[in-house]
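Novice: 454 is the number that the working numbering gives to position 230 of the sequence shown; each next residue is one higher, with no gaps.
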Amino acid sequence: MRKVNEDRKAGVIKLIPEVLDDLYHLAQLIDKRDRVRAMTWRTPEIKDEVERRGKIEKKRMHLTLEVEDVEFQPFSDRLRVHGVIVEGPQDLGAHHTFNIDADGRNDLAIQKPGGWRQHHRDRIKEAEESARQPRLYILAIEDDEATLAEVRAYGAREVAVVRKSGGGKMYEEKGKDGYLPEVVELVAQSRDPSAPLIVVGPGWTRERLVERLRETQPDHMSGVITEGTGQAGMVGVHEAIRRGLVQRVVQDHAIARDTDLFERLMAEIAKSSGLAAYGVEEVHHALGLGAVETLLITDRAIKSGDFDELLERAEETRTHVHVLSTEHEAGERLHHFGDVAAHLRFAVAA
Numbered sequence: 225m226r227k228v229n230e231d232r233k234a235g236v237i238k239l240i241p242e243v244l245d246d247l248y249h250l251a252q253l254i255d256k257r258d259r260v261r262a263m264t265w266r267t268p269e270i271k272d273e274v275e276r277r278g279k280i281e282k283k284r285m286h287l288t289l290e291v292e293d294v295e296f297q298p299f300s301d302r303l304r305v306h307g308v309i310v311e312g313p314q315d316l317g318a319h320h321t322f323n324i325d326a327d328g329r330n331d332l333a334i335q336k337p338g339g340w341r342q343h344h345r346d347r348i349k350e351a352e353e354s355a356r357q358p359r360l361y362i363l364a365i366e367d368d369e370a371t372l373a374e375v376r377a378y379g380a381r382e383v384a385v386v387r388k389s390g391g392g393k394m395y396e397e398k399g400k401d402g403y404l405p406e407v408v409e410l411v412a413q414s415r416d417p418s419a420p421l422i423v424v425g426p427g428w429t430r431e432r433l434v435e436r437l438r439e440t441q442p443d444h445m446s447g448v449i450t451e452g453t454g455q456a457g458m459v460g461v462h463e464a465i466r467r468g469l470v471q472r473v474v475q476d477h478a479i480a481r482d483t484d485l486f487e488r489l490m491a492e493i494a495k496s497s498g499l500a501a502y503g504v505e506e507v508h509h510a511l512g513l514g515a516v517e518t519l520l521i522t523d524r525a526i527k528s529g530d531f532d533e534l535l536e537r538a539e540e541t542r543t544h545v546h547v548l549s550t551e552h553e554a555g556e557r558l559h560h561f562g563d564v565a566a567h568l569r570f571a572v573a574a
């Protein structure tokens, strides 16, 4: 994400999405009733009856929408912003949809009627920093199946599955050497040589695969690590993330930060140390005492608007707010703890 400029007096920030993760960040930034201005395509107004009967081509124009809804499908390549046209050359009051791509060519000017909160600014900063991070892959392999997943800022996406026998999703077994050559081919096709690769799984198959990678791609091994996990498949991928393997490869990856913060929270709860709070009542109480060091909240909760009072209190007390994506395990687990929790500076009695 690139921040082009900010008009603090008008409360407008202009942003350019440059990579796919930016679409997720924008989906979290843009709220209902925000005003968003962008270049778009729309059928022009035709007053002449003869012209109206013919084929009418859409024209490019700048429009400003008052946002009613934001649609983002995880791991898709497009963000849709629906709303009512409030500024533009035509059709004021009509509905329109911006289809936003991460091509780095188009900017969006976003104005928030309630002003920009600190967690919004933190989100923009995170998006700017995450764009500089390399893509990262996890390969979870066992005797008869290998799953390759791509780790993004907001979760892990299954890229492909290779199976030793049977059709598999994308590849079939070839040759007498089992299915390892197919796995090596998949890795070579999917992964940029500079992208970190974590190979996990039970048993010795992962070690055999790493040896084969070393034989066939010796110049691409600097970013490869391997470690055993209890299972393969996407379960093994999530286990690797939960155990901090992503953080070993990319120190400041968003999903690694989320996982580390949540696992440390769970450790404090398990110890009954009094240094963790969860649920609205406990967190609100701790905020009132100035005890909260870091407030954890899910992206769903932020978008719902139900936690605005809590967020205002956090901002008043200069508490750091960290938003967890519910597209991966740490955020989903926080959702089951009431969507909000906190690391505390000192123990607080209930």
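Here a beta-carbon is modelled for each residue, glycine too, at the ideal position from N, C-alpha and C.
(1) Only counting runs of 3 or more residues, tell me where the beta strand (DSSP E) segments fall wholly within the segment 449-497, in order along the chain.
(2) In angstroms with no decimal places, state the Cα-to-Cα distance between L520 and H546.
(3) Are A566 and A510 touching if we call contact CB-CB under 8 Å?
(4) Starting from R261, follow the alpha helix (DSSP H) in both directions and report where the run begins and ends.
(5) Given that a residue counts as buried once 16 or more other Cβ atoms are within 10 Å of its Cβ, and exposed if not, what is E439?
(6) Reducing DSSP to helix, strand and coil, say where I521 ends up.
(7) For L363, count neighbouring C-beta atoms within 10 Å of its own C-beta (all shown protein chains included) and say buried if the count is 16 or more, exposed if not.
(8) So, under 8 Å CB-CB, A251 and N330 are touching, yes? Tell me the CB distance rounded to an integer number of Å.
(9) Where does V572 sit, in a helix, a strand or coil, going by DSSP?
(10) Would you call D530 buried or exposed, if buried means 16 or more other Cβ atoms sit within 10 Å of its Cβ?
(11) Check for me: the beta strand (DSSP E) holding V584 runs from which residue to which?
(12) If you count every other CB in all the chains shown that lies within 10 Å of the CB of V385, and 16 or more means buried, which is it?
(13) Count the other C-beta atoms from every protein chain shown that fall within 10 angstroms of the C-beta of V586, then say buried if there are 16 or more, exposed otherwise.
(14) By alpha-carbon positions, which one of R432, T371, Y361, T288 ends up nearest to P420?
(15) Identify, in the order they occur along the chain, each residue of the same chain with its Cβ nearer than 7 Å to the Cβ of F296, setting aside the five sequence neighbours on each side.
(16) Between the segment 499-516 and the segment 310-328, can you find at least three pairs of beta-carbon atoms closer than 8 Å?
(17) Can you have a look at R542 and say buried or exposed, based on whether 16 or more other CB atoms are within 10 angstroms of its CB?
(18) Given R259, which residues of its chain have a CB within under 6 Å of its CB, disregarding the five upstream and five downstream residues?
(19) Just verifying my parser: in three-state terms, what is the DSSP assignment at T541?
(20) Figure out for me which residue from K227, H552, R226 has the closest Cα to the Cα of D523.
(21) Should L568 and A515 be called a contact, given that it needs their Cβ atoms to be closer than 8 Å?
(22) Would you give the residue range spanned by the beta strand (DSSP E) that R376 belongs to?
(23) What does the Cβ neighbour count give for M445, buried or exposed, with the cut at 16 atoms within 10 Å?
(24) Determine which residues share a DSSP beta bridge with Q335 and list them.
(25) Give me the Cα-Cα distance between V474 and Q357, rounded to the nearest whole angstrom.
(26) When DSSP builds the beta bridges, which residues end up paired with I270?
(27) Does the separation of the CB atoms of V268 and Q314 fall below 8 Å?
(28) Which one or two residues does DSSP pair with L421 in a beta bridge?
(29) Quick one: what does DSSP say V411 is sitting in, helix, strand or coil?
(30) If we call anything under 8 Å between Cβ atoms a contact, is I240 one with E230?
(31) Using the Cα positions of A326 and A355, report the straight-line distance between them to the nearest angstrom.
(32) Return the residue from the list V411, K233, A380, E366 that minimises the CA-CA distance to P298.
Specialist: In brief:
(1) None, since the segment 449-497 contains no complete beta strand (DSSP E) of that length.
(2) Whole-angstrom Cα-Cα distance: 5 Å.
(3) Cβ atoms of A566 and A510: closer than 8 Å.
(4) Run containing R261: none in the alpha helix (DSSP H); it sits in the beta strand (DSSP E), 259-266.
(5) Label assigned to E439: exposed.
(6) The answer is strand: DSSP assigns I521 an E or B state.
(7) If you draw a 10 Å sphere on the C-beta of L363, you find 16 or more other C-beta atoms in it, and that means buried.
(8) The Cβ separation is near 16 Å, so there is no contact.
(9) DSSP, reduced to helix, strand and coil, places V572 outside both helices and strands of the structure shown, so it counts as coil.
(10) With fewer than 16 Cβ atoms within 10 Å of its Cβ, D530 is classed as exposed.
(11) Residue 584 falls outside the range modelled here, since the chain spans only 225 to 574, and no answer is possible.
(12) Of the residues assessed, V385 falls on the buried side of the cut-off, its CB having 16 or more other CB atoms within 10 angstroms.
(13) An answer regarding residue 586 cannot be provided, because it is not within the stretch 225 to 574 covered by the chain.
(14) Distances from the CA of P420 to each of R432, T371, Y361, T288 were compared; the closest alpha carbon is that of Y361.
(15) These residues qualify, in order along the chain: L247, Y248, A251, L303.
(16) The segment 310-328 makes no contact with the segment 499-516; the number of CB pairs closer than 8 Å stays below 3.
(17) That one is exposed.
(18) Around R259: T288, E290, Q335.
(19) Correct three-state label for T541: coil.
(20) Minimum Cα distance to D523 is reached at H552.
(21) It is a contact, given that the beta carbons lie within the stated cut-off.
(22) R376 -> beta strand (DSSP E) spans 369-376.
(23) It counts as exposed.
(24) For Q335, which the question treats as bridged, DSSP gives the partners V236, R259.
(25) Answer to the nearest angstrom: the Cα atoms are 8 Å apart.
(26) None; I270 has no bridge partner.
(27) Checking the displayed sequence, the identity of residue 268 turns out to be Pro instead of Val. Contact: yes.
(28) DSSP links L421 through a beta bridge to Y361, V448.
(29) The answer is helix: DSSP assigns V411 an H, G or I state.
(30) No. Outside cutoff.
(31) Using only the alpha carbons, I get a separation of about 11 Å.
(32) Comparing Cα positions, the closest option is A380.
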